[in-house]
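One structure is given here, and the rest of the page talks about it.
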Amino acid sequence: MVEDLDERSAEHWLARARLLLPSALAKSRSAASGGTRGFAGRWKSIASKLERIPPCLSDLSSHPFFAKNALCLEQLQSVATTLAEIIELAERVSGGDPSVGKLQMQSDLDVLSGKLELNLHDCRLLIKSGVLGEVALPPSPEGTSSESNIRELLARLQIGHAEAKHRAIDGLLEVMREDEKSVVAVLGRSSITALVQLLSSTSSKIREKAATVVCFLAESGNCEGLLVSEAVLPPLVRLVESGSLVGREKAVISLQRLSMSVDTARAIAGDGGIQPLIEVCQIGDSFTQLAAAGTLKNLSAVVEVRQSLADEGAIRVMINILDCGAVLGAKEYAAECLQNLSSGCNSLRKSIVSEGGIRSLLAYLDGPLPQESAVSALRNLLVSVSMDSLPSLGLLPRLVHVLKDGSLGAQQAAASAICRISGTSEMKRLIWEYGCVAFLIKLLEAKSNGAREVAAQAIATLISYGPICRDVKKDEQSVPSMVQLLDPSPANTAKKYAVSCLLSLSSSKKSKKMMISHGAIGYLKKLKELDVPGSKKLLERLEKGMLRNLFSKK
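Just remember that this note's numbering sits 2 ahead of the position in the sequence shown, which is counted from 1.
So, in structure tokens, the structure goes:
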């Protein structure tokens, strides 16, 4: 019998609702005025809600497509069912049914009041969302879902009871796995709000599926702003903290993607996200550890969050990942996190050193992993380390290895590290013995302005050591490369270091001839006008050398 009723038309359920409404309203008012068993207030509230039903029915029925829309039919059926239940309860009460106890009556009235409120909410949303104007169509032969089907699923996330929303989110996940772009294209703020609310559902399964949808949307790169503005972060943090395995995994992945924005990373920390993410790094499986480490790395890019990360134990956890992480990517994130934490704050640098971070970073350099972040972190930490301890740590051979075979970014960081440790004659001697100079000279020809600058700076710092100066003179490419770095354009940030290096080499006749032959005088005249330190002195030496050559030829 129920199946036959469900198959009836929208017109049928509209007519039935209109037929039942006057009786339900009259009986509710009568129960309210009679003070039935002390529940007059509850009956009065029900009557007040019933008075708001007629405009909703009118709005639904006046739409040209109301009879063809499945959501409209279901909504009218739900309203008619609620009205029938109100009439039935009112008649039982007025008839003095002894089976209806006071507690049962209170519970039944609250349930009916909630159903009415849900009916009113869903009717308004159905009209407001615009989905009423969509007629559900079957999927196209290519397997893509029509826009109307997607809109209906999104509307169902906001309409009806929990089980109906569960079915809706199942349908939405199925569509997203096949046609994610179509779903993203029709998403609105109300749909995002509904998804965020489902993240806090009492059902673990619904939370998991809502987290999966949110993860899809976060990774799409098109919905970050909407998700964050609709307060998705607090429920995601709660899922990381106490969700199921699937819910936690999807929540952490979402946070990793969303935390790429500095403002969002700051908000995650403010919502208490640091400690749950650290716990996932310690006890989560390799995949969630990877995502959690990536999120903490993103948080560490926010200067004002760094101390909180350290206070919550992030330094120790990142070092443990460097030492024992199961996934290579997690180790890379840990190195990047330590790089961020070690930049700028001396107390954090000291904490990393005291936790054994330098040895872990050096060990990381021995592997096949990207090295730039680890070298940059080491460079940052060197100001907090005694120079006497560096030889025993094995820093220099690793820096040479990076200069020889590392990426350009890693080479740049290694050259910067050499600048920082080359303050004493003993360190310069060790740098020379390990053969760093040839690689630094090669780096002068790098495509990156930053790499060329730091290479020139390193050579300028080292060239006061005799053996290094001799090696630079002997290298056939050193002078031509440094002359090119005399280019006066603002983009060339290495020119002052190039002038310093060439001044040190200008005592050699051979070097001076090479400088002149490669056009150094023209560059230096322009640098002199720009007041670049040393340019005037070097120009005078080269011009004197030219005059001597002219007189000697005559």
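Idealized CB from N, CA, C, for every residue including glycine.
- When C-beta atoms of the stretch 24-43 are compared with those of the stretch 58-69, fewer than three pairs fall below 8 angstroms, so the two segments do not count as touching.
- Distance from the CA atom of Ser310 to the CA atom of Ala336, rounded to whole angstroms, is 16 angstroms.
- One Cα belongs to Ser192, the other to Asn342, and the distance between them is close to 38 angstroms.
- Taking 4 residues as the shortest admissible run, the stretch 408-472 contains the following complete alpha helix (DSSP H) segments, listed from N- to C-terminal end: 410-423, 427-435, 438-445, 451-464.
- For a cut-off of 8 angstroms, the C-beta gap from Glu338 to Lys299 is around 5 angstroms, short enough to register as a contact.
- Distance from the Cα of Glu176 is smallest, within the candidate group Ala212, Gly452, Leu201, for Ala212.
- In this structure, DSSP gives Ile285 a helical state, which the three-state scheme calls helix.
- Under the DSSP assignment, Ile161 falls outside any alpha helix (DSSP H); it carries neither an H nor an E label.
- For Ala522, the enclosing alpha helix (DSSP H) covers residues 522-531.
- Cβ-Cβ separation between Val198 and Ala220: approximately 12 angstroms, too far for a contact (criterion under 8 angstroms).
- Per DSSP, Cys347 lies in no alpha helix (DSSP H) segment and is marked neither H nor E.
- For the pair Gly359 and Ile321, the CB atoms are nearer than the 7 angstroms cut-off.
- Look at Glu478 here: in three-state DSSP terms it is coil, with no helix or strand label.
- Assigned with DSSP and collapsed to three states, Ser203 falls in coil, not helix or strand.
- Judged by their CB atoms, Arg153 and Val188 are nearer to each other than the 7 angstroms cut-off.
- Ser508 is not a Cβ neighbour of Ile465, given a cutoff of 7 angstroms.
- Of the candidates Glu180, Asp489, Lys511, Asp489 places its Cα closest to the Cα of Ile523.
- In the structure shown, the three-state DSSP call for Cys326 is helix.
- Beyond the five residues adjoining it in sequence on each side, Thr297 comes within less than 6 angstroms, by CB distance, of Leu257, Gln258, Ser261, Leu279 in the same chain, given in chain order.
- When secondary structure is reduced to three states using DSSP, Phe41 falls in the coil class, being assigned neither helix nor strand.
- The count of Cβ pairs closer than 8 angstroms, one atom from the stretch 81-95 and one from the stretch 160-177, stays below three, leaving the stretches out of contact.
- Closest in alpha carbon position to Asn224, among Leu52, Gly190, Leu201, Pro236, is Gly190.
- Annotation note: the stretch 220-285 contains the following uninterrupted alpha helix (DSSP H) runs of length 4 or greater, listed N- to C-terminal: 226-231, 235-244, 247-260, 264-272, 276-285.
- When secondary structure is reduced to three states using DSSP, His65 falls in the coil class, being assigned neither helix nor strand.
- Between Ile88 and Leu128, the C-beta gap is not smaller than 7 angstroms, which leaves the two residues out of contact.
- For Leu120, the closest C-alpha among the options Pro56, Gly97, Lys51 is that of Lys51.
- Secondary structure note for Ser310: its alpha helix (DSSP H) is the uninterrupted segment 308-313.
- With a 10 Å radius around the Cβ and a threshold of 16 neighbouring Cβ atoms, Lys430 comes out buried.
- Nearest to Val282 by alpha-carbon distance, out of Val304, Lys252, Thr266, Ala267, is Lys252.
- About 5 angstroms separates the Cβ atoms of Asp273 and Leu235, confirming a contact at the 8 angstroms cut-off.
- Separation of the CB atoms of Ser344 and Ala379 is rounded to 5 angstroms, and the pair is thereby assigned contact status at 8 angstroms.
- Annotated as distal: Leu292 and Pro237, with beta-carbon spacing of 7 angstroms or more.
- Relative to the Cα of Ser302, the nearest Cα in the group Val264, Leu371, Arg381 belongs to Val264.
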